[in-house]
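Since the structure comes first, as structure tokens, the remarks are kept for the end.
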Amino acid sequence: MPDPRLIATVRVVKQADGTWSYNGGVCQLPARPQVTAAVVREQVARLVPSAAIGLAPQQQTLVNIQTIMWVNAPGQRALAPLTILGRRVIVTLRIDRVDWDFGDGQTDTATTPGKPYDAKNDPCKAVDCPDYYGHTYVDPGAMTVTATASWVASFTVDGARPQTIPGTVFGPSARTALQVRQARGVLVPDPTRS
């Protein structure tokens with residue numbers, strides 16, 4: 024039984040007298056579907072996970088001190104293998120940038136995911152922490168912090184060499200609530216005086 028995918032092309036030519044004559048033919052299998060960057064991009068855009076926001080201090084902070092921020096995402100990650108057009112596709116993502124909206128009218132773009140605050144090995148005891156990414160609020164209030172990670176993506180098809188997906192792939196935005204408060208000074212008796 025012939026392959027049902029077999030394509031037969033027959034060439035016939037109409038003669039000047041109105042009759043048709045056979046002019047050859049070709050039988051071939053259709054070309055294997057090609058996985059292109061555009062096809063992979065469509066799939067990847069739906070699969071990129073959101074990168075949760077980390078804050079220090081969590082949930083509440085004070086005006087005029089830096090709130091340390093990061094996204095909980097590795098700088099590079101691989102998605103679970105995909106099957107596209109019957110082919111095995113592996114996608115690798117690398118963070119290109121993180122767009123931040125701090126909820127107070129200020130925005131910024133970072134080229135790294137930032138790093139979680141580490142009180143034991145890398146404590147910060149200053150108003151601004153140079154080893155960390157963050158934002159300093161100047162007014163109290165309820166804020167919604169938003170982070171949108173953009174990724175540079177590459178892929179392989181059936182283990183072949185990597186190909187780049189042009190441009191960046193945007194992940195879904197992550198949001199978290201943050202209450203910004205004003206610290207109040209309180210005078211207390213000098214404990215060194217009796």
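Here the numbering used here runs 23 ahead of the position in the sequence shown, where the first position is 1. The beta-carbon is built from N, C-alpha and C at its ideal position, and this holds for glycine as well.
Q) Using the beta-carbon count (16 or more within 10 Å), is TYR156 buried or exposed? A) Locating residue 156 in the sequence shown gives position 133, where the first residue counts as 1. When all chains shown are included, TYR156 counts as buried.
Q: Output yes or no for whether 8 Å exceeds the beta carbon distance between VAL150 and ILE88.
A: Here residue 150 refers to the residue found at position 127 of the sequence shown. Here residue 88 refers to the residue found at position 65 of the sequence shown. Going by C-beta atoms, VAL150 is nearer than 8 Å to ILE88.
Q.
Can you tell me where the beta strand (DSSP E) holding GLN66 begins and where it ends?
A. The residue you call residue 66 lines up with position 43 of the sequence shown. Unbroken run through GLN66 is the alpha helix (DSSP H), 60 to 70; no beta strand (DSSP E).
Q. DSSP three-state call for VAL161: helix, strand or coil?
A. Here residue 161 is taken as the residue at index 138 of the sequence shown, counted from 1. Three-state DSSP puts VAL161 in coil, outside helix and strand.
Q) Mind checking whether LEU116 and ALA176 have CB atoms under 8 Å apart? A) Counted from its first residue, the sequence shown places residue 116 at position 93. Counted from its first residue, the sequence shown places residue 176 at position 153. Yes.
Q: Kindly provide the ranges of any beta strand (DSSP E) runs that are 3 or more residues long and lie completely inside the stretch 96 to 129, ordered along the chain.
A: 99 to 101, 105 to 107, 110 to 124
Q. What's the gap between the Cα of GLY193 and the Cα of SER44?
A. The residue labelled residue 193 in the question sits at position 170 within the sequence shown. The residue labelled residue 44 in the question sits at position 21 within the sequence shown. It should be pointed out that residue 193 corresponds to Phe in this sequence rather than to Gly. Their backbone Cα atoms lie some 58 Å apart in a straight line.
Q: Would you kindly work out how many angstroms separate the C-alpha atoms of CYS152 and ARG216, rounded to a whole number?
A: Along the sequence shown, one-based indexing puts residue 152 at 129. Along the sequence shown, one-based indexing puts residue 216 at 193. Computed Cα separation, rounded: 35 Å.
Q. Any idea which residues DSSP pairs MET37 with across the strands?
A. As a first step, residue 37 must be located in the sequence shown, where it is residue number 14. For the record, residue 37 in the displayed sequence is Lys; it is not Met. BP columns for LYS37 point to TRP43.
**Q.** PRO153 (DSSP reduced to helix, strand or coil)
**A.** The residue you call residue 153 lines up with position 130 of the sequence shown. If DSSP states are grouped into helix, strand and coil, PRO153 belongs with coil.
Q. With which residues is THR169 paired in a DSSP beta bridge?
A. Indexing the sequence shown from 1 puts residue 169 at position 146. Note: THR169 sits in a beta bridge opposite ASP124, ARG198.
Q) Between the beta-carbon of ALA172 and the beta-carbon of VAL121, is there less than 8 Å? A) As a position in the sequence shown, residue 172 is number 149, starting the count at 1. As a position in the sequence shown, residue 121 is number 98, starting the count at 1. Yes, Cβ-Cβ distance for ALA172 and VAL121 is below 8 Å.
(Q) With distance defined between alpha-carbon atoms, name the residue in VAL67, VAL168, PHE178 nearest to ASP131. (A) The sequence position of residue 131 within the sequence shown is 108, counting from 1. Of the listed residues, the one whose Cα sits closest to ASP131 is VAL168.
Q: In the DSSP assignment, find the unbroken beta strand (DSSP E) run with GLY77 in it and report its ends.
A: The residue given as residue 77 occupies position 54 in the sequence shown. GLY77 -> beta strand (DSSP E) spans 76 to 79.
**Q.** Local Cβ density within 10 Å of LEU78, reported as buried at 16 or more and exposed below that
**A.** Residue 78 sits at position 55 when you count from the first residue of the sequence shown. With 16 or more other Cβ atoms within 10 Å, it is buried.
**Q.** Assigned secondary structure, SER177 (DSSP; H/G/I helix, E/B strand, else coil)
**A.** Your numbering for residue 177 matches position 154 in the sequence shown. Strand at SER177.
Q. Thinking C-beta only, is ALA165 closer than 8 Å to GLN205?
A. As a first step, residue 205 is located in the sequence shown; it is residue number 182 there, counting from the start. As a first step, residue 165 is located in the sequence shown; it is residue number 142 there, counting from the start. No, Cβ-Cβ distance for GLN205 and ALA165 is not below 8 Å.
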